[in-house]
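Protein sequences, first through last, are from chains A and B.
According to this note's numbering, the first sequence holds residues -8 to 181 in order.
According to this note's numbering, the second sequence holds residues 3 to 220 in order.
Here a beta-carbon is modelled for each residue, glycine too, at the ideal position from N, C-alpha and C.
Because the structure is a prediction, the values reported are computed rather than measured.
Structure record follows, encoded as structure tokens.
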Amino acid sequence: MQLRVRALETILTEKGYVDPKALDYIIDTYETKIGPHIGARIIARAWADPAFKRRLIADAATAVGELRLPARATHLIAVENTPQLHNMVVCTLCSCYPWDVLGLPPVWYKSAPYRSRAVMDPRGVLADFGVNLPADTEIRVWDSTAETRYLVVPMRPAGADDWSEERLASLVTRDSMIGTGLALTPGAAP
Amino acid sequence: MNGVHDMGGMHGFGKVEPEPDEAVFHAPWEGRVLAMNRAVGYLGLWSIDTGRFSREMLPPHVYLGSSYYKKWTLGLENLCLQYGLVGDDELAAGRALYPAKPVKRTLTAADVPKNLSRGSFDRPPPAPARFRPGDRVRTRNINPPGHTRLPRYARGHCGVVEFVRGCHVFPDAVANGKGEDPQWLYTVAFDGRELWGDAADPTVKVSIEAWEPYLEAA
């Protein structure tokens, strides 16, 4: 694939359709600047500031604008986990994912096992991630079939009541914002 | 199209296997092809749904047998061929053999920061929304050969409109060369048992984002 992709890039560059420096810039952006640390900042702010959480749930695209992110989170929607309700996000048709706040999706998110099973057997998928929810917790799966993008607000773990926003962000994993994981508990944080 | 990309509810693909500490790209070419898709997309010749449709039209065994970024590579090559940006002989030679076609704009490194954000897909509505939150709807049983975003598992089922998400570009039109044709977009939630039968987990609900032409009153 390396040679095949290089051939395409060479042709497109020689014809002036793409600028290799622009490609370098895009790659560097997704390797170093845009990733799940952005989503973790959003969730930590939501845990620390109930008014921000209300704005986030009401209109996430506008609320996260307050955080001056590298990319505007167009059509972002935040959905909140509670003791009664667990949210999980999938794109059964392709790989739609909130790039602006989580970066590029992991391979498993784009894989056939996840895309096929998340909508029919979400508890089985959660078990693959080692997550076992109470039998009576409602599970809501959001299939991202349009340009709307979903971000899960995981439940704030106990034992971090006096933590700063920055420390709280260290408890927020990428998977907890997709809904295939839970936030870390304070003892488990890195 | 009823392709293998439409995976919701299929059996046999096995367990989900998360990779610990996964790298953003697993090989340098993956990053190049991701970035090329952005840069070529910026030329403005086709829409994001055209790009999706190009991957859906890969032969089923190719789609299922290719990594994610290999699918992106094959889809991008096909679109570049289809729109006359490159020729088969150029791909074989690995270099340009003909002059470029004129394009409206190209993406430079200086343009990248202000173009990282996706544009809005919201458009002025041609008519008032037909449905409101709380309305019961049934998804239509459609099987178009072209691009659609109504998954097979959610066709012909009753659900409830939860949210009106605005009036968005309609993929079924734009990817099939019929313009943006904006349509109202709704979040429609279904009980798991409505989709998967009485034996399904009663605690599960699944929602899709459905454009108005996918829905009828129930």
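Burial state of residue 65/B, where buried means 16 or more other Cβ atoms lie within 10 Å | So residue 65/B counts as buried.
Are the beta-carbon atoms of residue 162/B and residue 138/B separated by less than 8 Å?
-> yes
Reduced DSSP category for residue 186/B - H, G, I as helix; E, B as strand; rest coil = strand
Closer than 8 Å to chain B by CB, residue 173/A | no
Residue -3/A: CB within 7 Å of a non-hydrogen atom of the ligand ATP | Of ligands this structure carries none, so the ligand ATP is not represented either.
Report the three-state DSSP secondary structure of residue 66/A (helix, strand or coil).
-> coil
Among 187/B, 49/B, 34/B and 44/B, the one whose alpha carbon lies nearest that of residue 135/B | Nearest Cα to residue 135/B within the set 187/B, 49/B, 34/B and 44/B: 187/B.
Are residue 152/B and residue 70/B close, meaning C-beta to C-beta below 8 Å?
-> no
Run of the beta strand (DSSP E) containing residue 219/B, from where it starts to where it stops | 217 to 219
Drop a sphere of 10 angstroms on the beta-carbon of residue 144/B, count the other beta-carbons inside from all chains shown, and report buried for 16 or more, exposed for fewer.
-> exposed
With DSSP as the reference, label residue 23/B as helix, strand or coil.
-> Three-state DSSP puts residue 23/B in coil, outside helix and strand.
Burial state of residue 123/A, where buried means 16 or more other Cβ atoms lie within 10 Å | exposed
For the alpha helix (DSSP H) holding residue 3/A, just list the boundary residues, first then last.
-> -7 to 5
Report the three-state DSSP secondary structure of residue 28/B (helix, strand or coil).
-> coil
Residues of the region 151 to 170 of chain B with Cβ closer than 7 Å to any Cβ of chain A, in chain order = Listed in sequence order: 151, 153, 155, 167 and 170.
Would you check if the distance between the CB atom of residue 8/A and the CB atom of residue 108/B is smaller than 8 Å?
-> Yes, Cβ-Cβ distance for residue 8/A and residue 108/B is below 8 Å.
Hey, is residue 99/A's beta-carbon within less than 8 Å of any beta-carbon in chain B?
-> yes
Under 6 Å Cβ to Cβ from residue 87/A, same chain only, skipping five residues before and after it: list those, please.
-> Excluding residues within five positions, the ones whose Cβ falls inside 6 Å are 135.
Taking 8 Å as the cut-off, decide whether the C-beta atoms of residue 144/A and residue 29/A are in contact.
-> no
With DSSP run on the structure shown, which of helix, strand or coil describes residue 72/A?
-> coil
Which residue from 25/A, 111/A and 149/A puts its Cα closest to that of residue 196/B?
-> 111/A
In the DSSP assignment, what are the bridge partners of residue 84/A?
-> According to DSSP, residue 84/A bridges with nothing at all.
Collapsed DSSP secondary structure at residue 213/B in the structure displayed = strand
Among 171/B, 37/B and 133/B, the one whose alpha carbon lies nearest that of residue 1/B | Here chain B comprises residues numbered 3 to 220, so residue 1/B is not present and cannot be evaluated.
Within-8 Å CB hit, residue 88/A to chain B | It does not: the Cβ of residue 88/A has no partner Cβ on chain B nearer than 8 Å.
C-beta contact flag for residue 111/B and residue 152/A at 8 Å = no
With 8 Å set as the bound, which would you pick, yes or no: does the beta-carbon of residue 205/B sit closer than that to a beta-carbon of chain A?
-> yes
Pair within 8 Å by beta-carbon distance, residue 185/A and residue 18/B = Because chain A is modelled from -8 through 181, residue 185/A falls outside the range shown and cannot be assessed.
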